[in-house]
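First up is the structure itself, then whatever we jot down about it.
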Amino acid sequence: MHAPIEGSPGPTRRLALVGVLFVALLAIGVRLIGFTDPWSGRGDDFHALFGAFATGGPARNFAEHGFAESLGMPYDWRVVYSDGAIDHGWYAHHPALYMWIAGLAVEWLGPEPYALRSVALLLSLFCVLACGLFAKELWGVRAGLVAALLVAALPLGWRTGMLPWTEAAIAGCLALAAREQLRFLRGGPPRHLRLAALWILAGALLDWPAHFGSAALFFHVLLFARARLREPGVKASLALYPAVSFGALGLHALHMAVSMGKEAAHGDTEGTLGGVMTLSEPLGRFLGLQFAYLERYLTWSGLVLVGLGALLLLMRFAERRTRAEAGLVAALLVPGVLYIGLFPGRSVNHDFFFVVSLPFVACAGALAIVQFGAWLRRPSASFAPLALVPVLVVTAHGIWQGHAQWLLKRSPEFGLLVEEPWLRAAIDDPNAVVLTHIGRGMFLPFHSRAALVHSVDTSAALVGWREKLLARTEPDRPLWFLVDATTIALLPDGTQLLATLAEHGSPERHDDAPGGPMALVNLRGGAR
Numbered sequence: 144m145h146a147p148i149e150g151s152p153g154p155t156r157r158l159a160l161v162g163v164l165f166v167a168l169l170a171i172g173v174r175l176i177g178f179t180d181p182w183s184g185r186g187d188d189f190h191a192l193f194g195a196f197a198t199g200g201p202a203r204n205f206a207e208h209g210f211a212e213s214l215g216m217p218y219d220w221r222v223v224y225s226d227g228a229i230d231h232g233w234y235a236h237h238p239a240l241y242m243w244i245a246g247l248a249v250e251w252l253g254p255e256p257y258a259l260r261s262v263a264l265l266l267s268l269f270c271v272l273a274c275g276l277f278a279k280e281l282w283g284v285r286a287g288l289v290a291a292l293l294v295a296a297l298p299l300g301w302r303t304g305m306l307p308w309t310e311a312a313i314a315g316c317l318a319l320a321a322r323e324q325l326r327f328l329r330g331g332p333p334r335h336l337r338l339a340a341l342w343i344l345a346g347a348l349l350d351w352p353a354h355f356g357s358a359a360l361f362f363h364v365l366l367f368a369r370a371r372l373r374e375p376g377v378k379a380s381l382a383l384y385p386a387v388s389f390g391a392l393g394l395h396a397l398h399m400a401v402s403m404g405k406e407a408a409h410g411d412t413e414g415t416l417g418g419v420m421t422l423s424e425p426l427g428r429f430l431g432l433q434f435a436y437l438e439r440y441l442t443w444s445g446l447v448l449v450g451l452g453a454l455l456l457l458m459r460f461a462e463r464r465t466r467a468e469a470g471l472v473a474a475l476l477v478p479g480v481l482y483i484g485l486f487p488g489r490s491v492n493h494d495f496f497f498v499v500s501l502p503f504v505a506c507a508g509a510l511a512i513v514q515f516g517a518w519l520r521r522p523s524a525s526f527a528p529l530a531l532v533p534v535l536v537v538t539a540h541g542i543w544q545g546h547a548q549w550l551l552k553r554s555p556e557f558g559l560l561v562e563e564p565w566l567r568a569a570i571d572d573p574n575a576v577v578l579t580h581i582g583r584g585m586f587l588p589f590h591s592r593a594a595l596v597h598s599v600d601t602s603a604a605l606v607g608w609r610e611k612l613l614a615r616t617e618p619d620r621p622l623w624f625l626v627d628a629t630t631i632a633l634l635p636d637g638t639q640l641l642a643t644l645a646e647h648g649s650p651e652r653h654d655d656a657p658g659g660p661m662a663l664v665n666l667r668g669g670a671r
């Protein structure tokens, strides 16, 4: 079953160590770009939005208020009333493990962007290592080095070091699960399937795309190792794949029910699935967007390289002796494709979903490079140094294009905004409550010690919140509504929301705020 690239001996130990050192330094170096940048405050910049809002808000709440208060379930806003009751806005439709890690990082390093980026950077480097180890197991040391280099340098890989979310970690877990599965397919004992199941469990505890990988790897064994299912312990070991996957789902469902209550947990799940599984764009535009995202984060040269690798995988799939390994690499394409296809309501604007298929990208590209090197030196077929040229071209192109994307997305304006004295006075007050609509206020949870409630996007929601806060908070407690004048008019109910705010008091305008005009409205009426 073992099928190295024909006639391609490995490099010397010294050359291999030099290659590992080069890849490691490159991977760390590009991931440190922008490491201490403030969040950009741009709604289309998910590398910033997830740090400031989706991960950053829950992480700061965990760090400041502990894990026990919410029974470990993340929440992105928290209001304490005068009677001691606590109102939470839950962020419950993802497993809590990553937010726990992020919360510990903020507790140890403080509420700084680099606290969250440190977690993302380490998990991104883990993905580089895991993909390299899997490719090495497949086709040897050179393939492992090339695969690791591609994950280190292509924007799809290195931009994950800026994204405080789970995809890179899941990709690494699936790569190591596939590595153990490959060892089993090559005659190893069933314990390799059990180790693979543990890596699947680690990915499934992080987020949902790991379940797609679990299914793909499970069916791969059924298709390519059916004869071994008769051996003692193999069926039981393989059964762990769906067992750990469904177990992770059940554990999260139980966590939701215990912390939120069964009815709230069911409502959260239904509401989330209804939104993310709806195709909001015409199919042609949706497919065009997905291709544009791939070109952005794989580059044209990377797409060509991976495409050639995919053709080589098809050729190897046609040969009986290499079919299983080619099918295993192809199975790792499945998680990214399903993640995009099943959640079009999110993948239409979340441009990072394909990250979970990084092991496929790395191995396909490595196969193309190493096979090219073998062809260059026939009949001896040893790896030719000339084969390094295309991989270095792809590497340079990836770093250049990823750097261009970072320059395009980054902005100092939000970092300047949160240092404005008028805004600091509101969000640094732990006794204050700040309501805000969708806009730059969505980026404030990570920076705010005040109770900050976002997504108050309708006049009815504003009236309901104001009445509740006036009735249930102390009379001297500051209550504010933060208006982002650049986005509020774009809301369906934006005009009415502004009219309702005008009834509660004159806005404190800040027309020269970094990034565009903003205003604070005192919901108790009167001046500050």
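Numbered according to our numbering, the sequence shown terminates at residue 671, and the numbering increases by one at each position without gaps. Every residue, glycine too, gets a C-beta built ideally from N, C-alpha and C.
When the alpha-carbon of Glu610 is set against those of Tyr224, Pro181, Pro154 and Glu556, the nearest one is in Tyr224. Your pair Ala206 and Glu255 does not check out as a contact, with CB atoms roughly 11 Å apart and the cut at 8 Å. Contact check for Phe269 against Pro588 fails: the beta carbons are separated by 8 Å or more. Arg652 has Ala662 as its beta-bridge partners, per DSSP. Assignment of alpha helix (DSSP H) within the region 408–489, counting only whole runs of 4 or more residues, yields 426–461, 466–474 and 477–485 in chain order. Within the model, the alpha-carbon separation for Gly470 versus Asp219 is close to 42 Å.
The region 488–503 and the region 370–378 do not touch, with fewer than three beta-carbon pairs separated by less than 8 Å. The beta carbon of Arg326 is closer than 6 Å to those of His335 in its chain, skipping five residues each way along the sequence. Within the same chain, and ignoring the five residues on either side of Asp188 in sequence, the residues whose Cβ sits closer than 7 Å to its Cβ are Lys552. Within the model, the alpha-carbon separation for Arg156 versus Asp180 is close to 39 Å. Within its own chain, the residues whose Cβ lies closer than 8 Å to the Cβ of Leu456, once the five positions on either side in sequence are excluded, are Ala469, Val472, Ala473, Ala507 and Leu510, listed in chain order. Excluding five sequence positions before and after Ala527, the CB atoms of its chain that fall closer than 6 Å to its own CB belong to Gly516, Leu519 and Arg520, given in chain order.
Annotated as proximal: Ser591 and Ile570, with beta-carbon spacing under 8 Å. By the Cβ-count criterion, Gly330 is exposed, with fewer than 16 other Cβ atoms from all chains shown falling within 10 Å of its own Cβ.
When C-alpha distances from Leu622 are compared across Leu485, Trp608, Ala632 and Ile631, the shortest belongs to Trp608. When C-alpha distances from Ala539 are compared across Val294, Asp654, Phe624 and Ala368, the shortest belongs to Val294.
Here Asp627 has Thr579, His580, Gly582, Arg583, Gly584, Gly659 and Met661 as same chain residues with Cβ atoms under 8 Å from its own Cβ, once five neighbours each way along the sequence are excluded. In this structure, Pro332 lies away from Tyr440, with their beta-carbon atoms at least 8 Å apart. C-alpha of Thr643 to C-alpha of Gly427: approximately 40 Å in a straight line. One thing to note: Ala382 has its Cβ no nearer than 8 Å to the Cβ of Leu319. Contact check for Val499 and Pro352: beta-carbon distance about 4 Å, within the 8 Å limit, so the pair qualifies. As for any alpha helix (DSSP H) of minimum length 4 sitting wholly inside the region 160–211, the runs are 189–192 and 199–208, ordered along the chain. By alpha-carbon distance to Ala345, the top candidate from Phe362, Leu317, Arg371 and Ile631 is Leu317.
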